[in-house]
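Everything on this sheet refers to the single structure shown next.
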């Protein structure tokens, strides 16, 4: 008699376990890309446009704005602002984070300090052979940026480019 109750009870328990552990219901979607919302400033949008317009004028594809990249640029801009100088310090961390978060296989960055307009900072990057090479590279597919001003109104820029 105990055997009659044991089999249906085991079947009920098994059904509950199988249906309650479904991957579809766990709330974790590892294959979905989640882009955090970012509010870009006017100067940041102008830089995006100027860089893309320049790339297009030399026959290179326009880049996509990727918030994930900008989210990596923001802490570096804050760091430069605190330090009081433009730098590429800790670039390897941004590189590793973008490999993981954005599937980047190549990462480069342009930084700057003190320019008051988008045109002036982009012109400065285009006058510098190493910065110009990054802007002109057909390998890159996406970019992001962070721009912040210090208490004197001087802007700090971190502009990151990736290839996915």
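In the working numbering, the protein residues as written are 92 to 255. By construction, the Cβ of each residue, glycine as well, lies at the ideal position given by its N, Cα and C atoms.
How would you write the range of the alpha helix (DSSP H) that residue i sits in, first residue to last?
i           : result
residue 223 : 220-227
residue 208 : Per DSSP, residue 208 belongs to no alpha helix (DSSP H) and is neither H nor E.
residue 233 : Where residue 233 is concerned, there is no enclosing alpha helix (DSSP H), although the beta strand (DSSP E) it sits in stretches over 233-240.
residue 145 : 133-148
residue 190 : 182-193
Classify residue i as buried or exposed, calling it buried when 16 or more other Cβ atoms lie within 10 Å of its own Cβ.
i           : result
residue 176 : exposed
residue 244 : exposed
residue 121 : Annotation note: pLDDT 37 at residue 121 (below 50); position unreliable, no value reported.
residue 160 : buried
residue 251 : buried
residue 201 : buried
residue 196 : exposed
residue 240 : exposed
residue 229 : exposed
residue 144 : exposed
Which residue from the options puts its Cα closest to that of residue i?
i           : options            : result
residue 255 : 214, 245, 224, 193 : 193
residue 162 : 202, 246, 174, 236 : 236
residue 231 : 131, 151, 186, 218 : 151
residue 211 : 227, 246, 148, 146 : 246
So, under 8 Å CB-CB, residue i and residue j are touching, yes? Tell me the CB distance rounded to an integer number of Å.
i           : j           : result
residue 198 : residue 134 : With a Cβ gap of about 23 Å, residue 198 and residue 134 do not count as contacting.
residue 203 : residue 248 : 4 Å
residue 129 : residue 155 : The Cβ separation is near 14 Å, so there is no contact.
Taking the continuous beta strand (DSSP E) assigned at residue i, which residues delimit it?
i           : result
residue 174 : Where residue 174 is concerned, there is no enclosing beta strand (DSSP E), although the alpha helix (DSSP H) it sits in stretches over 158-174.
residue 246 : 246-254
I'd like to know whether the C-beta of residue i is nearer than 8 Å to at least one C-beta of chain C.
i           : result
residue 196 : Reference to chain C is not applicable here, since this structure consists of a single protein chain.
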